[in-house]
Amino acid sequence: MSTSTFQPNEDAAESTTQPEKLTRFLALLIDSVLTMVVSWIPVLGPLLGAGYFLVRDGLTLDFMNQRSIGKHVMGLRVNRADGKPMDIETSAKRNWMFAIGGVTALIAEIPLIGWLLALPISLAALAIGLYEGYRVLTRSDQKRWGDDMADTTVVKA
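So in this note's numbering, spot 38 of the sequence shown is number 1005, and the numbers just go up one at a time.
The following block contains the structure:
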């Protein structure tokens, strides 16, 4: 009977390393700029942008490898606590709050009452976004509210 000792895989050790906060911010900035550009497409743009933000970490496109374009460029990945690969449902749980902006842009287009409805929703979205940023900056595990909801963690890829 032979005894073997566990040798951690270098990739596995690296995949649990927290990213720099600036790296996370730059990944979000890249995704935000892409979404902003898409949102300029008349009528469908805001909806496409909101849709991208909602599912961005669960897309199975080869070049993205189940992470957003910003995370791909910045070398980050979202890990699920259960060890399963990211999927669209988990991404939606994690990112729903960032899709509010695109929906608000559509609501604002409703004649007469659109802006009245869009204003409080936009303010709520801003407050949620600020809270998400505050959590990343102040928590030692860098988990934002969306990470708690989806049971995920952002790590270096």
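Just so you know, even glycine gets a beta-carbon here, dropped at the ideal spot from N, CA and C. Since this is a predicted model, take the numbers as computed values, not measurements.
The region 1000-1050 is shown to contain whole beta strand (DSSP E) runs of 3 or more residues at 1043-1047, in chain order. With respect to the C-alpha of Phe992, the residue from Pro1009, Gly1042, Gln1033 having the closest C-alpha is Gly1042.
Within the same chain, and ignoring the five residues on either side of Ser1058 in sequence, the residues whose Cβ sits closer than 6 Å to its Cβ are Val1022, Asp1024, Gly1025. Burial check for Tyr1098: the Cβ neighbour count within 10 Å stays below 16, so the residue is exposed. Comparing alpha carbon positions, the residue from Gly1100, Ile1067, Leu1104, Arg1102 closest to Leu1086 is Ile1067. Pairing Ser1035 with Gly1050, the inter-Cα distance amounts to about 18 Å.
Ranked by how close their Cα comes to the Cα of Ile997, the residues Thr983, Phe1020, Gly1100, Arg1111 have Phe1020 in first place. For Leu1073, same chain residues with a beta-carbon under 7 Å away, outside a window of 5 residues either side, are Pro1013, Leu1014 in chain order.
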